[in-house]
Each structure stands twice: as structure tokens, then as C-alpha cells.
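The structure appears right after this line, and notes come after that.
Numbering (the numbering used here), first residue to last: 626 to 725.
The following block contains the structure:
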């Protein structure tokens, strides 16, 4: 069940408009940024964004984390079975009060 949620949760969040404050241009720009990064750089930024979300879980920070996480997964910089990355995602979702 957890494997299924890990794969489907970001898609459901996007389809439900969980990242409504972020425009299509922002998403494309973030994806281009992620494309130019190494996996280590992506992991570092993922951790940094999580710390920002934990410190101040406002809509903008939550959206930035969500868009970055989705872009990193689409660009294959974060593996679906990377449990540490998924734990960071769930921690960010919990901090942002998204229901599971």
C-alpha cells in the first residue's frame, strides 16, 4: 500500500490543485533547474526546502517544495523507492497540513 501511495500521491496533489499558487511557467522553470543538477545537488536542495517548510509552513514554501519534489521525480533525480526522499515528502506534507 505504501508503494502505491508513494507513486500516486504527487499526481493526486497536482490534479486536486494542491499547488494552485504555482504557475505552469514556475513548474517548467523548476524542471529546467532540476535537469541541470546532479542527484547529490537535488538531494541537498530537497533537504534545504524541507527545512524551510518546517520553519515556516506557509503556502508559498509548501508549493515550492511540492513543485521541486515533482520535478525531481519526473527528471529521475529522486527515485520512487528512495525512502529517505519519501520520508522528507511526507514530513513536508504533514507540516503543510495536507491530509493523507
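Idealized CB from N, CA, C, for every residue including glycine. Keep in mind that this is a model prediction, so the values were computed, not measured.
query: Residue 651: first and last residue of the uninterrupted alpha helix (DSSP H) it sits in; result: 649–660
query: Residue 706 - DSSP class collapsed to helix/strand/coil; result: coil
query: Burial state of residue 711 (16 or more Cβ within 10 Å); result: buried
query: CA nearest to the CA of residue 704, picked from 684, 720 and 671; result: 671
query: Euclidean distance between Cα positions of residue 717 and residue 690; result: 8 Å
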